[in-house]
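Colleague: Counting in the working numbering, the sequence shown runs from 818 upward without gaps.
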Amino acid sequence: MSQSNPSNGNVPVSEVYWSLVAKADKKFSKIRDLPYYERNRYDTYFYKVFKVYTQLWKFQQENRHKLVEAGLKRWEIGDIASRIGQLYFGQYMRTSEASYLSESYIFYEAVLTREYFKDGLLQDLNLANKQLRFFARFLTVCLVLNRREMVYQLVNQLKLLVADCKRTFQDTDFKEWKLVIQEITKFLKADTAFMNIRPLRYSLTLDLHPDSLPPVANVKRKLKLGDAILCSYHPNEVKFSELTLDNFRMLQCLEWEPSGSFYKSSAIAPTVTGTSGQNGGLSGSSRINYSQEISDPTLPPNPRKAVLYRPFITHFLAVLATVCEELPPDGVLLLYISAPEYVGNSVQPNTMHSNAASTSPSSSACDDITTSSEENIPNCPGYHSGGVNLGVKGNGGLNLIYPCDFLPFTRKPLFLVIDSGNSHTFEALNREVKGEPVAMLLSPSSSNGAVDPRQPSGSLFTNFLTTPLQAFLALLGFSGSDIQMDKLNEAEKNICLSLNLWGETLASSDKLHPVWAQVLGDPFLRRLLLRFIFCRAVLALYAPTFNKKEYLPKCSPALPDCVLPMTPSSYAAVGQIANLFGAATMFNLSEGLMSPDE
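1) Taking DSSP as the reference, what is the three-state secondary structure of Thr1284?
2) Whole angstroms are fine: how far does the CA of Leu929 sit from the CA of Ile1105?
3) Along the chain, which unbroken stretches of the beta strand (DSSP E) at least 3 residues long are found entirely within the stretch 879-966?
4) From Leu1116 to Trp1073, what distance separates their C-alpha atoms?
5) Starting from the N-terminal side, write out each stretch of the beta strand (DSSP E) that is 3 residues or longer and does not extend beyond the stretch 1332-1386.
6) Just to confirm the assignment, what range does the alpha helix (DSSP H) spanning Ala839 have?
7) Are the CB atoms of Trp892 and Leu949 nearer to each other than 7 angstroms?
8) What are the boundary residues of the alpha helix (DSSP H) that Val997 is part of?
9) How long is the line joining the alpha carbons of Thr985 and Gln999, rounded to whole angstroms?
10) Looking only at its chain, what residues have a beta carbon closer than 6 angstroms to the beta carbon of Arg1228, apart from the 5 residues adjacent to it on each side?
11) To the nearest angstrom, how far is it from the Cα of Phe1065 to the Cα of Val1140?
12) Who are the near neighbours of Pro1340 in its chain, counting only those whose CB is closer than 8 angstroms to its CB and skipping five residues on each side?
13) Using the C-alpha atoms, what's the distance from His1132 back to Asn827?
14) Which of the three DSSP states, helix, strand or coil, is assigned to Arg1066?
15) Give the C-beta separation of Pro1118 and Gly1043 to the nearest angstrom, bearing in mind that I take them to be a contact with Cβ-Cβ under 8 angstroms.
16) Do you know offhand how far Asp1236's Cα is from Gln974's?
17) Quick test of the definition: if touching needs 3 or more C-beta pairs under 8 angstroms, does the stretch 1318-1328 touch the stretch 1053-1063?
18) Let me know the secondary structure DSSP gives Val1055 once reduced to three states.
19) Closest to Leu1286 by C-alpha separation, out of Trp1319, Ile897, Glu1321 and Ile1394, would be which residue?
20) Under the rule that 16 or more other beta-carbon atoms within 10 Å means buried, what is Ala1375, buried or exposed?
21) Is the stretch 919-938 touching the stretch 951-969 in the sense that three or more CB pairs, one from each, lie closer than 8 angstroms?
22) Quick check: what's the CA-CA separation for Ile1312 versus Ala1354?
23) Could you tell me which residues DSSP pairs with Lys1122 in its beta bridges?
24) Just confirm the distance between the C-beta atoms of Leu1047 and Met1067, as a whole number of angstroms; I'd bet it's less than 8 angstroms.
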């Protein structure tokens, strides 16, 4: 008998195997339904699940010949490997640890290259559906990992398989899979332009090393990004499954780029040997090809992120409360919301919670609300002229979020990024904070006329925060095929120089608000703030939006005057890039130190 079962050599290998499968299935079904937040609570359980799958994977390898003789099929082996890939990706979504994402790719690619689901694929509808679901899950992993060559390979195989299934299983409607193909095609079309200029993740090759950031003057405490909640929803927005384009970009923007991996080939095919990994997990013999590439021991861990899609307000607040509770003492929570505005009955921001304060210090301004209809919610003095809508309309306001919903959580350091036509209403938070002022980056409020905030390539404001050069070019109507790569590289260098200059200016300023000073030492938050300054300068100097405040993003608290749009540094930053692309006439640069002819 195998060493995997030394206690009872009389038990057939097949019975031991199926017993392990049943045990793994039971644990997998439980873990699959657990939320992606409350990470600390479930960490131990995840390691136990990984341990069970380690035993199962090793056992089937050590006893492969006997198991095949007993009736084990290749697709059943592939099913185990696919589930291990699911486990790793789920753990990546809970922890943001890059090694889990790498391991997920390894197992999924092994299933693909070894064609575990191929035999009998078009004779068994259930097996065909397994392969289709596998393609969809692997596509998500490849998108997040930026394995674009593999993405296009999977899309082609998915299209072929759906076409074959339609011909073979004519009584089955594959409409949902046609929608999946449409989604990924639309997603790739929107995200492909300029994608090879630079990675979205924080790259030590292109961005300042955390140890090289200029020291901040007169800072009382230093905070670092500990957690992030990312929530994006727009009607008919570009997405794949529940991963929207805006969330996809922001997720990467808050992670470290693996050292050199952006410049390496993605055509290496790993194999799986099932050796034991850390924490009871599994790894492949090709681990060195991916995990060493994606895990740099000199880098801090990625900030943890919770990615939400169309959450009800109750679920959103549950996640927010849990993440705040788990936030480390020196941590700051980034809350990113990209959603359409909701306009209800107007209540002035300065009356926020005034009725509650005049009645009882412990009562809420929302206590008098007895109905959850969208029409009645904004009548509460705790809500003012609208909020944001995180889901479809007509569900009783269960997707509506208003500024005062965040008030209890201002006792923790918050960094708010609101990309919505109602973003300006969130400024009222800093009049009613329970702890300390909230750091806020707020998108332009106007959605009509000179600038389209929702472009085919995603939100313009989010693009400026995650891919500033691409956003600049999209604003001017340029596409990737219009521009030579050397110009793109030069423009990227100019933007980096301008951002670093603004960073040094803020760090040395004695007028920098403490809320910004305490987060300026965090590389992720610093980069978002500096890109906001660039976004504001571009839109302020762009001729169609010149002197139109409704088209400008805002920040709260205010930044020092030295980084305002009408300063020499802003004129220089915008003018250099505009000149590079022959677009100086599209900006009002005559008042700056740099003329369009320089």
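Glycine included, C-beta positions come from ideal geometry on N, C-alpha and C.
Modeller: Judging by the given coordinates:
1) Translated into positions along the sequence shown, residue 1284 becomes position 467. Coil.
2) Here residue 1105 refers to the residue found at position 288 of the sequence shown. Here residue 929 refers to the residue found at position 112 of the sequence shown. In this prediction, Ile1105 has a pLDDT of 32, which is less than 50 and means its spatial position is unreliable; nothing more can be read from the coordinates.
3) none
4) Start at 1 with the first residue of the sequence shown, and residue 1116 comes out as number 299. Start at 1 with the first residue of the sequence shown, and residue 1073 comes out as number 256. Spanning the two alpha carbons is a distance of roughly 8 angstroms.
5) 1371-1373
6) Indexing the sequence shown from 1 puts residue 839 at position 22. Here the alpha helix (DSSP H) through Ala839 covers Val830 to Arg849.
7) Stepping through the sequence shown from its first residue, residue 892 is reached at position 75. Stepping through the sequence shown from its first residue, residue 949 is reached at position 132. Not closer than 7 angstroms, so no.
8) Stepping through the sequence shown from its first residue, residue 997 is reached at position 180. Start and end: Lys992 to Thr1009.
9) Taking the sequence shown and counting its residues from 1, one reaches residue 985 at position 168. Taking the sequence shown and counting its residues from 1, one reaches residue 999 at position 182. Whole-angstrom Cα-Cα distance: 21 angstroms.
10) Your numbering for residue 1228 matches position 411 in the sequence shown. Closer than 6 angstroms at Cβ, skipping near neighbours: Lys1251 and Gly1252.
11) Sequence index remark: in the sequence shown, residue 1065 carries index 248 (1-based). Sequence index remark: in the sequence shown, residue 1140 carries index 323 (1-based). Near 20 angstroms, if we compare the C-alpha coordinates of Val1140 and Phe1065.
12) To locate residue 1340, count along the sequence shown from 1; it is residue 523. So the qualifying residues of the chain are Tyr1019, Asp1024, Leu1025, Pro1027 and Leu1030.
13) Position 10 of the sequence shown holds residue 827. Position 315 of the sequence shown holds residue 1132. Approximately 51 angstroms between the Cα atoms of the pair.
14) On the sequence shown, position 249 is the one that residue 1066 refers to. Here Arg1066 sits in helix by DSSP.
15) Position 301 of the sequence shown holds residue 1118. Position 226 of the sequence shown holds residue 1043. With 8 angstroms as the limit, Pro1118 and Gly1043 do not qualify as a contact, their Cβ atoms being about 10 angstroms apart.
16) Taking the first residue of the sequence shown as position 1, residue 1236 is located at position 419. Taking the first residue of the sequence shown as position 1, residue 974 is located at position 157. Going by the C-alpha atoms only, they are around 36 angstroms apart.
17) no
18) As a first step, residue 1055 is located in the sequence shown; it is residue number 238 there, counting from the start. Val1055: coil per DSSP, three-state reduction.
19) For the purposes of this step, residue 1286 is taken as residue 469 along the sequence shown, with counting starting at 1. Taking only the C-alpha atoms, the option nearest Leu1286 is Ile1394.
20) The residue given as residue 1375 occupies position 558 in the sequence shown. Exposed.
21) yes
22) Taking the first residue of the sequence shown as position 1, residue 1312 is located at position 495. Taking the first residue of the sequence shown as position 1, residue 1354 is located at position 537. Whole-angstrom Cα-Cα distance: 12 angstroms.
23) The residue labelled residue 1122 in the question sits at position 305 within the sequence shown. Answer by DSSP bridge pairing, in chain order: Ala1045.
24) By one-based count along the sequence shown, residue 1047 stands at place 230. By one-based count along the sequence shown, residue 1067 stands at place 250. Contact flag correct, Cβ pair sits at about 5 angstroms.
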